[in-house]
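Numbering (the numbering used here), first residue to last: 6 to 267. Structure first, then comments.
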Ligand SMILES: [Fe+2]
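This is the structure:
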């Protein structure tokens, strides 16, 4: 049986050129290690890579883990970490550029991926979502031109919200600490203003570093434990628009009041 990872797959185009330059530079070992780590991660996402042909998933995963440990053992320098870091200011700038170019669902999806990048920044999470952060809802940014908001929800106690919508807006929830269980709902009635029949259509758990998006009109509910913190990006200030929540027991539809956090 051939050795796992014995043969390197060919790199193409820019990647090949970049790898060659890295191999010749002063930090060749370290850079090559990181290049290799990035490559391995991509292959993990695309499990069908030829290098794993003939191997079961468990063995391939073990081989990958060994290679990743080796690649990770090459430390990043301070300047490299600074160059790679992503700040709230950069996130705001990206949101502005993206939403100006495409305020629709595709642009919002780009914002969601940027939020996930921000939530992987330990400095950001430590500054805004640390255990000692003041409890409550904090507006981190409101765009004076486009109207979107970035909010930190620093929760103390566990909470399960009723199903609700975001009115004419959209919302992106990005988990910073602990987790949030999400349920998306659909109406099984004719859209009556006073009564609704809801059915759950999607359930998942948002873990730290992950973000979920709720486009216009989506109904969802959230359920999180003590001390869960998340960052929410909304298309506008939700306190200024009409929104509804649903009573699952009675089916009644109620207007939401300003400052109702979810
Ligand atoms: Fe919500």
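Quick reminder that beta carbons are idealized off the backbone N, C-alpha and C, glycines included.
Collapsing the DSSP output to three states places residue 156 in a strand. Counting along the chain, residue 115 sits inside the alpha helix (DSSP H) bounded by residues 110 to 124. Along the stretch 184 to 219, the alpha helix (DSSP H) does not occur as any fully enclosed run of 4 or more residues.
Going by beta carbons, residue 204 and residue 258 fall outside the 8 Å limit. Out of 225, 215 and 90, the CA that lies nearest to the CA of residue 234 is found in 215. Looking only at 178, 118, 126 and 159, the smallest Cα-Cα distance to residue 136 is reached by 159. For the options 91, 93, 97 and 89, the alpha carbon positioned closest to that of residue 240 is the one of 97.
Note on residue 229: 16 or more other CB atoms within 10 angstroms of its CB, so buried under the neighbour-count rule. DSSP places residue 99 inside the alpha helix (DSSP H), whose first and last residues are 93 to 106. Exclusion of residue 215 from the 7 Å shell around ligand 1 follows from its C-beta lying no nearer than that to any non-hydrogen atom of the ligand.
The alpha-carbon of residue 167 is positioned some 18 Å away from that of residue 174. Under the 10 Å beta carbon count, residue 198 is surrounded by fewer than 16 other beta carbons and is classified as exposed. Boundaries of the beta strand (DSSP E) harbouring residue 260: 258 to 260, taken from the DSSP string. Residue 247 counts as exposed, since fewer than 16 other C-beta atoms from the protein chains shown sit within 10 angstroms of its C-beta. In this structure the stretch 138 to 146 does not lie against the stretch 182 to 197, because fewer than three pairs of beta carbons, one per stretch, are closer than 8 Å. Listed in chain order, the non-local C-beta contacts of residue 103 below 7 Å within the same chain comprise 112, 115 and 116, local neighbours out to five positions each way being set aside.
Residue nearest to residue 211 within the set 202, 177, 196 and 223 is 177 (criterion: CA-CA distance).
Taking a 10 Å sphere around the C-beta of residue 226, we find 16 or more other C-beta atoms and assign the residue as buried. Under a 10 Å Cβ-count criterion, residue 261 is classified as buried, with 16 or more other Cβ atoms of the shown protein chains found around its own Cβ.
Non-local beta-carbon contacts of residue 232 in its own chain, meaning distances under 8 Å to residues more than five positions away in sequence, involve 136, 160, 161, 182 and 183 in chain order. Nearest Cα to residue 118 within the set 91, 244 and 223: 91. Rounded to the nearest whole angstrom, the CA to CA distance from residue 110 to residue 220 is 7 Å.
For residue 127, the enclosing alpha helix (DSSP H) has its first and last residue at 127 to 134.
Residue environment analysis places residue 163 among the exposed positions, since fewer than 16 neighbouring C-beta atoms fall within 10 angstroms of its C-beta. Taking C-beta atoms as the reference points, residue 245 and residue 147 fail to come closer than 8 Å.
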